[in-house]
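Shown next, in structure tokens, is the structure this report addresses.
Protein chains: 2
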Amino acid sequence: MGDVAARAGVSLKSVSRVVNAEQHVSADLAERVRRAITELGYRPDRRARDLAAAPASGRLIGYVQVDAANLFFAAVYRGLEDTTRTRGSLIIAGSTDADPERETALIETLIESRVDGLVIAAAEGSDELLRREIAHGTPVVCVDRLLANAPCDTVVSSNRDSTRAAVVHLRELGHARIAFLGGDQRVWTATERLAGYREALHNTAGELDPDLEIVDVGDVARATQATRRLLTAQRAPTAIFTAQDRITTGTITALHELGRQYDVALFGFDEIPFSEQLNPSVSVVAQDPYEMGRRAGQLLLNRLSDRSSTTPVQTVVEATLRHRQSGQIVPLAPQPRTEGDDRC
Amino acid sequence: MGDVAARAGVSLKSVSRVVNAEQHVSADLAERVRRAITELGYRPDRRARDLAAAPASGRLIGYVQVDAANLFFAAVYRGLEDTTRTRGSLIIAGSTDADPERETALIETLIESRVDGLVIAAAEGSDELLRREIAHGTPVVCVDRLLANAPCDTVVSSNRDSTRAAVVHLRELGHARIAFLGGDQRVWTATERLAGYREALHNTAGELDPDLEIVDVGDVARATQATRRLLTAQRAPTAIFTAQDRITTGTITALHELGRQYDVALFGFDEIPFSEQLNPSVSVVAQDPYEMGRRAGQLLLNRLSDRSSTTPVQTVVEATLRHRQSGQIVPLAPQPRTEGDDRC
DNA sequence: TCAGCTCCTGACAGCGCTGTCAACACAGAT
DNA sequence: ATCTGTGTTGACAGCGCTGTCAGGAGCTGA
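The listed protein sequences derive, respectively, from chains A and B.
Each residue of the first sequence is one higher than the one before, counting from 0 in numbering that gives the first Met the number 0.
Each residue of the second sequence is one higher than the one before, counting from 0 in numbering that gives the first Met the number 0.
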């Protein structure tokens, strides 16, 4: 920057003014500075600018996610990126793999980078650290998770309601025994979905059999295994609700292996690729992660521009029931039924 | 930091020493400083540290990708993240959506953030800017693309060779007319794959019909349409090579629509989700994007630690042919055949 | 006792930029 | 001729930290 100033024969401050397009700069001087800049290939140093300028210009945002290679988190990221780009913000992201230590370390590093805002789409954890940071004045938005006892904006899906709706649908098809395959119950979304399942059975006077509630099968292999066990057991379920994309994948694999894909109904949480092309096509509750990221970005930007308000905003992004073939399969045993089409 | 120093009754420099775990610090002083740090909740400012410290400590890495929500780029990101985390590096990423202007703007912003290294996994573009930056001393690694006339490390897949192998395989099954559906030919990987297709036909004395070479159908909808057109035309192909995951998806959709999925052979480039569960299961050339990201990270770390070497390193990550059902379908018309199983 | 050494500590400049404030030029008004 | 106001410019301090260097304490051996 000094070189530019020297070459243009002006002061440092004048270069700064030109670079920032401030007013009260004569056209002549601006022109000289601009020429010097291109001749020297000068690029301002963002770090120094942020250091010297007033704090929290909203130029750097931290994004904490479970796994960047997971479609859900990648889509949230994209939504966030697209909303915040308009303000010229950059995003520093990191994956935690649901490891609390990694999560804490990552958040600390982001804080040290003096991000102007933090978006957390991650498993539970680091609550204390986050609360301290919020108290310290950094805007934090939680996506797909909660943060108790802190004024923290939140964006979540309609986990419980949508699960309940899907399971009620299976009940209306005549299914008496509906299994639930869910993920790690330490995660809030997982408990919400289980609660939705129970509510559905409760509301429709359905059978609440603990044997049909299988949790902590959050990866493909365990879901495959659990499905096999479920279907080869006595009093096997006639329908399965899978509470997560990886579980849905595992269950589909098992169903195809056993050749049961046409007689066991399946409803999954999370859209999966090729849900339409599979045979039978797969009914799912589709979240909208891109929209969740967009909302998170907007909430963050709002906080950044208006730091006075402290009431946290809770946003629910409605998930959509996508009715396809697998969720329309009716139970094999003769049952009274009110609706439903054939079994493909 | 001043507060910490005051509270501990020491100088700024001593706090700095403790924070950086330098030697020649008495246990007593270190203890006092540490206590003051926790009491005050002090967190060092990474920006200021990087600004004051010697340059290029490899703490910040820029990653330019086409689309963060795309599985390929997300996996590259993950590989990059996992390799560079060991050095305590953070990654700033941005998506370009293959828009050259966005790409240039993004790279410039990253340069202004004084990233210590740059990984570019993107469509072509910004070559001049990158060359300048390389000349300026910033290590740059190109993933899945080339950068001519610059000492730039590169990580690519075996696009041409693997495509050739897959098409040769189809030829050996007896397919005389094999269509090629490819993406934007301004992109290097797309031209490589087309070249591999042509080499395969050439090497096996196959028919090179321009009508069977369809390019610039890089999204699902256009691929679906192109497949329909291809199969309803006279002298329709008996096998299709799709040069990209989105094209493969579109072609599968069309094949299922037309009920032709069992008599038209399909081999795709890029692994797709549920390739095993679809019926017929889908043969693909599987890239290893995570590994590509890992290699890119290693190359970058090497450059960062040894700035002397200037010879660029070219890395090819071998793609794998995953033979499944769709690529084993033999042509309908009676043909001499040497191998292959039934048509599902 | 004192040079010569190691170990520890702090003063100070400076990284590259921006905010503040003062200075100056020149217009129009008195 | 003097005053006020507006537009333009630069000097300088300081953002939060680290590198350099000098100085003091404490130990060794002569």
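Virtual Cβ for every residue (Gly too), placed ideally from N, Cα, C.
Note that the structure is predicted; figures quoted are calculated from it, not measured.
Assumed close pair Tyr-289 of chain B, Ala-134 of chain B - CB separation to whole angstroms, cut-off 8 Å: So it is not a contact: roughly 31 Å between Cβ atoms.
Cross-strand partners of Ile-133 of chain A (DSSP beta bridge): DSSP, once it has assigned bridges, lists no residue as partnering Ile-133 of chain A.
Candidates A:Thr-248, A:Asp-96, A:Leu-59, of which the one nearest Val-281 of chain A by Cα: A:Thr-248
Interface positions of the stretch 276-293 of chain A facing chain B (Cβ-Cβ less than 8 Å), listed along the chain: Gln-276, Leu-277, Asn-278, Tyr-289
Cβ-heavy atom distance, Pro-209 of chain B to the ligand NAD, below 7 Å: As for the ligand NAD, it is missing from this structure, which has no ligand bound.
Cα-Cα separation, Ser-274 of chain A to Thr-252 of chain A: 13 Å
Enclosing alpha helix (DSSP H) for Asp-49 of chain B [first to last residue]: Looking at the DSSP string, the run of the alpha helix (DSSP H) that includes Asp-49 of chain B is 45-51.
Where Gln-184 of chain A falls, given that 16 or more other Cβ within 10 Å makes a residue buried: exposed
Residue nearest to Gly-181 of chain A in terms of C-alpha spacing, selected from A:Ala-225, A:Ala-175, A:Val-154: Of A:Ala-225, A:Ala-175, A:Val-154, the residue nearest in Cα terms is A:Ala-225.
Terminal residues of the beta strand (DSSP E) in which Thr-85 of chain B lies: Looking at the DSSP string, Thr-85 of chain B is not in any beta strand (DSSP E), and its letter there is neither H nor E.
Beta-carbon spacing of Glu-198 of chain B, Arg-163 of chain B below 8 Å: yes
Option nearest Asp-218 of chain A by Cα separation, candidates A:Gly-87, A:Glu-30, A:Asp-244, A:Arg-176: A:Asp-244
Per-residue burial, Glu-338 of chain B [other beta carbons within 10 Å of its own, 16 or more giving buried]: Note that Glu-338 of chain B has pLDDT 47, beneath the 50 cutoff, so the model's placement of it is unreliable and no number is given.
Proximity of Leu-356 of chain A and Thr-108 of chain B at Cβ, strictly below 8 Å: Because chain A here runs from 0 to 343, residue 356 of chain A falls outside it and cannot be looked at.
Contact under 8 Å by Cβ, Leu-300 of chain A with Arg-86 of chain A: yes
Counterpart residues of Gln-313 of chain B in DSSP-defined beta bridges: Bridge partners of Gln-313 of chain B: B:Thr-153.
Within 8 Å, strictly: CB atoms of Arg-119 of chain B and Val-155 of chain B: Sequence check: residue 119 of chain B is Ile here, not Arg. Result no, Cβ atoms of Ile-119 of chain B and Val-155 of chain B do not sit closer than 8 Å.
CB contact check: Thr-108 of chain A to chain B, cutoff 8 Å: Residue contact check for Thr-108 of chain A against chain B: a CB pair falls below 8 Å.
Backbone secondary structure at Leu-28 of chain A - three-state DSSP: helix
Neighbourhood of Ile-91 of chain B by C-beta, 8 Å cutoff - its chain only, sequence neighbours within 5 removed: Leu-59, Ile-60, Gly-61, Tyr-62, Leu-109, Ser-112, Val-114
Any chain A beta carbon closer than 8 Å to Ser-325 of chain B: no
Straight-line gap, Leu-172 of chain A to Ser-325 of chain A (C-alpha atoms, nearest Å): 12 Å
Chain-ordered chain A contacts of Gly-93 of chain B [CB-CB under 9 Å]: Glu-80, Arg-84, Leu-89, Ile-90
Chain-ordered neighbours of Glu-111 of chain A on chain B, where CB pairs are closer than 8 Å: Arg-42, Pro-43, Asp-44, Arg-45
Cys-343 of chain B - DSSP class collapsed to helix/strand/coil: For Cys-343 of chain B, the predicted model reports a pLDDT of 41, less than 50, meaning its position is unreliable; a value from the coordinates is still stated below. Three-state DSSP puts Cys-343 of chain B in coil, outside helix and strand.
Beta carbon of Ile-177 of chain B nearer than 8 Å to that of Phe-240 of chain B: Yes; because the gap between Cβ atoms is below 8 Å, this pair is in contact.
C-beta neighbour in chain B for Leu-39 of chain A, strict 8 Å: no
Within 7 Å of chain A by C-beta, residues of the stretch 180-214 of chain B in sequence order: Residues of the stretch 180-214 of chain B with a C-beta atom less than 7 Å from some C-beta of chain A do not occur.
Cβ of Leu-77 of chain A within 8 Å of any chain B Cβ: Per the sequence shown, the amino acid found at residue 77 of chain A is Arg instead of Leu. Judged by the 8 Å Cβ criterion, Arg-77 of chain A is in contact with chain B.
Residues within the stretch 244-269 of chain B neighbouring chain A, beta-carbon criterion of under 7 Å: Ile-251, Thr-252, His-255
Beta-bridge partners of Ile-239 of chain B, as assigned by DSSP: Answer by DSSP bridge pairing, in chain order: B:Ala-178, B:Leu-265.
Given 8 Å, three or more beta-carbon pairs between the stretch 92-102 of chain A and the stretch 305-313 of chain A: no
His-330 of chain B classed as buried or exposed, judged by whether at least 16 other C-beta atoms fall within 10 angstroms: Looking at the sequence provided, one finds Pro at residue 330 of chain B rather than His. Result: buried.
Boundaries of the alpha helix (DSSP H) in which Gly-217 of chain B is found, first to last residue: Note, Gly-217 of chain B: premise wrong, no alpha helix (DSSP H); not H, not E.
Residue-level contact to chain B via CB, Asp-143 of chain A, 8 Å cutoff: no
Given Leu-211 of chain A as reference, the closest of A:Thr-82, A:Ala-242, A:Phe-179 once Cα atoms are compared: A:Phe-179
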